[in-house]
Each structure stands twice: as structure tokens, then as C-alpha cells.
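A.B. asks:
Numbering (our numbering), first residue to last: 1 to 583.
1) Should the region 488-498 be regarded as contacting the region 538-549, the criterion being three or more beta carbon pairs within less than 8 Å?
2) Can you name, in chain order, every residue of its own chain whose Cβ lies under 7 Å from the Cβ of residue 100, other than the five neighbours on each side?
3) Considering only residues of the region 73-155, which uninterrupted alpha helix (DSSP H) runs meet the minimum length of 4 residues and lie entirely inside it, listed in chain order?
4) Are the region 71-90 and the region 180-189 in contact at 8 Å, needing three or more beta carbon pairs?
5) Got a sec? Which residues, its chain only, sit under 7 Å from residue 68 by beta carbon, not counting five neighbours each side?
6) Quick one: does residue 444 have its CB under 8 Å from some CB of chain B?
7) Under 8 Å by Cβ, that's how I've got residue 397 and residue 105 pegged, so tell me the actual separation to the nearest angstrom.
8) Name the DSSP beta bridge partners of residue 445, please?
9) Under 8 Å, with one C-beta from each stretch per pair, do the region 362-373 and the region 279-295 reach the 3-pair mark?
10) Could you have a look at residue 329 and say whether DSSP puts it in helix, strand or coil?
11) Using C-beta distances below 7 Å, list every residue in its chain close to residue 589, excluding the 5 sequence neighbours before and after it, in chain order.
12) Mind checking who residue 524 pairs with in its DSSP beta bridge?
13) Report whether the distance from the Cβ of residue 392 to the nearest heavy atom of the ligand SAM is below 7 Å.
14) Roughly how many angstroms separate the alpha carbons of residue 489 and residue 536, rounded to a whole number?
15) Compute the Euclidean distance between the alpha carbons of residue 190 and residue 1, then round it to the nearest angstrom.
16) How would you label residue 176, buried or exposed, when you count the other beta carbons within 10 angstroms and need 16 or more for buried?
17) So, helix, strand or coil for residue 1, using DSSP?
18) With a threshold of 16 other CB atoms inside 10 Å of the CB of residue 8, please say whether the residue is buried or exposed.
19) Name the one or two DSSP bridge partners that residue 166 has.
20) Take residue 340 as the anchor and find which of 523, 384 and 326 has the nearest alpha-carbon.
21) Considering only the beta carbon of each residue, do residue 40 and residue 17 sit closer than 8 Å?
22) Could you give the distance in angstroms between the alpha-carbon of residue 110 and the alpha-carbon of residue 193?
23) Considering only residues of the same chain and omitting the five flanking positions on each side of residue 666, which have a CB-CB separation below 7 Å?
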């Protein structure tokens, strides 16, 4: 057994190591600066209680993006030096963010060990490569992201750090080979356990969904399927689940080989970046050559986000979570005894609210950030939740889960078609969505992202919007001048959330203008980009009249869009004539 020694290395604080809603994300060149990663990792160890470090089991893996392999070796050496007993690593350093959550919650080591936390190496849907983004976040023993109490402590530690601990003489571990490597240190044995990335996650999915009924759907000659991993870590799961377990042909998988630079693409599952899937589904600019598949889906870099498409039909994430909630009990065995409650992030459309009201379910509106859902789930208050940024999930883990959402949709399709697989025509994705609108009304919805805006200008725009809220009559006067047929603003505020579980208060969570007809405008500054500020503008028009739920979305939203842009003085403050991305 190779022995190692612990070295205390002098260091000094590095500015800007404040973790956002999803950890610390910066350009690779920033992470490669001397001591940058080491300072953050040591500050995290120092923020945890001793029993979460000494003698503990930690998971260290991620989405496979560039610099992950180097970072894993650094963290292993630092974990050993800090007295961690064992580190679990997914083969090749690959574990999707939902799989990490599942591994923390479900996996038991050969020696009976359970993980108490994880370092996840991901910048989610941001591009990867030597000149692109890298990220790191810490997840707790419930499988969810570290709460603000911990991330604040990590940040404080980064401002005062003087040294970090590392086992410099510990040799690099071969993370491509499954097996346990043991080392000896001053405090005893230290193990690195490299394990199969997919097994625990696949087992969990099989306990939630009826794989046999989905298999029957996929074997129907009338049902065709396409899944695009955008060269992210979802590729490590797609073949196992969709091909080997559910019998889909391998040709239905697109871009399912994980790559360090995501094949040069932007691993964000939306209509802008998932170009190949969008074209195959008949939604591209050019008409599709072949008949599009019945169902298509995509994942982001770390496989926690999802986009769901029907043939020539896009399902908004806000509609998706509402439709899953409305159909979960009859379609998904895991929910057969009923839903405990549902929740959405504040910017997500109110489609879920209407379902909750109809089905008499507990309903929660939370700030953006999956940890707020985690609190509700740990308290047994929430079963299904989602956010407009292509994140959907349930209480089976404490992260959003892209593959789970795809399996949920396939379960709904399988249920709706169970008597119909040999009939003339299958119930389609579009049929399910339109039927939902008929029942619950439609929330026309769009999001405008203005990326890498000057941070000062972004703050000025937000301050202007807050100031406007001091007089609703003045706001309504402005609204009527811009577009006379837009409903009046009933109320406006800066969203604040009091957590019903721990009583914590989150302020400044976005600026809301709520209209009398149920429509909404929401403005937020996002913390997930790696440089500059991103302004997100959410525009939502509610339509209850079934004869008007089939309109073109952009046309239905045009008056509200005009109001939003003029009210906020978007062009004046940002200098932008158009958003970077429209979803």
C-alpha cells in the first residue's frame, strides 16, 4: 500500500470566489490560476462540520468538461490530506448531477459506507473547453446543493484562507478503471473507489417508472423517438436506459458520446442550441427531409435539464411540469398514492398553479435555485417541481433531473396509448398539450435573455423598475400609452420568499408586475453566467377561452412584449436592440 504525507501549503485569498445558486463558475483559465481551485476546496472543507470530513465518504465527479480530470486528482489529494476516509469517483470522472444526488442518497459501498456529500464538477449548460467554463459545487448528505448557510461560510473562508492541506506524494489514480485503490496516511487508510457511473441511477429509475409499459410504447412501429445528449454526460446514461433497457434503436441517440468541449457546441437544451434535434423534429428553419419522430428530447451538459418536443411541436418547460403533475398519479407508479404537493420557481409560468388548484394540491412558489425545492421535499411537502429554465424533477432526489423528465413524458404517452398501440393513430405529445390547455387554459410564455450586459447598466435598469413600482396608477398610465388593450397592472413588487420549513427569508428575488387578467412580467438578474450580467425578462399572457388557446405564441405575446421593453427602457439602459436568446 502506497503511503502519503500531508503537506500544509501557504496560500492567500483570491477575490471573487462567491458561489452562485449553482456553485462557483468561471473560465477555465481562472480555475487554472495557482491555488484557485485549492483555495475553494479547502474553504469548503473548513465550512463543513468535522464529521462531514474526517473519516467521511465523499463523491467527486462531474459532467466530464475540460479540466475535470485534473481537478478530480487535485481534490482526491486534498481529501486524503483533510482526513476523508474514502472518495467515490464515477468511471472516467463522469456522473450526471442527478446521478450524484442519487449516489449520495442510495449507494452503499462494499464496506457498508454511505456518502455524506459531493464535489460536483460542472458548469451545467455553459460551454466547455480550454477557453470556456468550468465549475464546482458542493452537495450535502440529502443529495441537494449546499444551502446558503454553507455557501456563505465557504465564501467567508475564501476571504481569510492562509493554507490548504494536500497529499502531494499521493500518485494520480486511474479513474478509467473500475475498482478500489487504497493508500496509507498518518490517520489510517484512504480509499478511492471508481465505480460504474450508471448502475445506481438506472436502478433508481426502474423503481420509479413502469419500464415494461414504456418498452411496449417504444416497440410500436407507430412510435419513433430521438434523444440528444449534446455531447454532455447524459450520453453515459442514454444508451443504458433507452437502448439496453427500453429497446430503442441506437440510431435514435444523437450526440451521445460525452466530450470535454461538448463537441464545440453549447450544451443548453433549448430551441437555439439543440439545432440538430430541432431540425430532426421538424422545427428547423428548413423543412425536414424525413418524417420527424413522434417524440424528441435533449439534455444539458450535466443532464439535469431537459427539453421535450413532439413532432413539429415544442413543449414549454412551464407547461411540461404542469402536464407531468396533472398526469403523474395515473401514469407513474412512484406517485400512485398521490402527490404531496407541487412547486415552481417564481419566474416559471402559473400553469402549475392552475393544476394545483384543480387537483386541490399544496402549492409553493419559490425563488430560483433548486435548494428551495429540496427543503420542501425533505419536509414531505412537495412531490413534483419545475422551473422555466428547462429544469423538472421530483422528490426521488434533490436535484432537477433531465432523464427523469423524459421518462415521465414517455410514461404519460405509454399510459394514454396503452389501449391504442395497435390502433390507427397514437395520442401524440401535441394532443396531450392541447387537451391540457382545453382543461386548464393556456399560459402563453416567452423568456428574453440579454447576456453579458454591463453589470452597472443591468443594476440601473433593475433600480428603475423598482422605482416605477411606487405608483401603480402611474405604471398603468404608461402601460395604456404603450398598448391600450393590455390589462391593468394589479400589483407590483420585488419577490421575497419566507421558507415555510426553516423560516429563512430570501429577498430581491426578481421584480414582478402582476396584471388583472393573470398575466405577468418578471425581470431578474441571473447568477449563472461566468462574466458580465444576464438580464432575464419573462413575459406571460394567460388565456382561459378554449377558442383562443391555439394562437401563435409570439403573436399572442406581442402587446405585452412591447410593454415590457418600453416600461423597462431596455434599449436605453443596455444598448441592445434585441435579446441574445429568445425561448
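Note that the Cβ used here is the ideal one computed from N, Cα and C, for glycine as well.
C.D. replies: The short version:
1) Cβ pair count under 8 Å is below three, so no.
2) Contacts found: 59, 61, 118, 120 and 139.
3) Whole alpha helix (DSSP H) segments, 4+ residues: 97-106.
4) For the pair of segments examined, the region 71-90 was found to touch the region 180-189: the number of CB pairs separated by less than 8 Å reaches three.
5) Excluding residues up to 5 positions away in sequence, 62, 93 and 121 lie with their Cβ nearer than 7 Å to the Cβ of residue 68 in the same chain.
6) Looking for chain B here will not work: only one protein chain is present.
7) Indeed, because the Cβ distance is near 6 Å, the residues count as touching under 8 Å.
8) Looking at the DSSP assignment, residue 445 forms a beta bridge with 540.
9) Output reads no: the region 279-295 does not touch the region 362-373.
10) Shown here, residue 329 sits in a helix according to DSSP, grouped into three states.
11) The chain is shown from 1 up to 583; residue 589 falls before or after that span and cannot be answered.
12) BP columns for residue 524 point to 536.
13) Of ligands this structure carries none, so the ligand SAM is not represented either.
14) Distance between the alpha carbons of residue 489 and residue 536: 20 Å.
15) Distance between the alpha carbons of residue 190 and residue 1: 10 Å.
16) Residue 176 should be labelled exposed.
17) Coil at residue 1, not helix or strand.
18) Around the C-beta of residue 8, fewer than 16 other C-beta atoms lie within 10 Å, and the residue is accordingly described as exposed.
19) DSSP output for residue 166 lists 7 as bridge partner(s).
20) The shortest Cα separation from residue 340 among 523, 384 and 326 belongs to 384.
21) Against a cut-off of 8 Å, the Cβ pair of residue 17 and residue 40 comes out as a contact.
22) Each residue's Cα considered, the two are about 10 Å apart.
23) A query on residue 666 cannot be resolved here, the shown segment of the chain reaching from 1 to 583 and no further.
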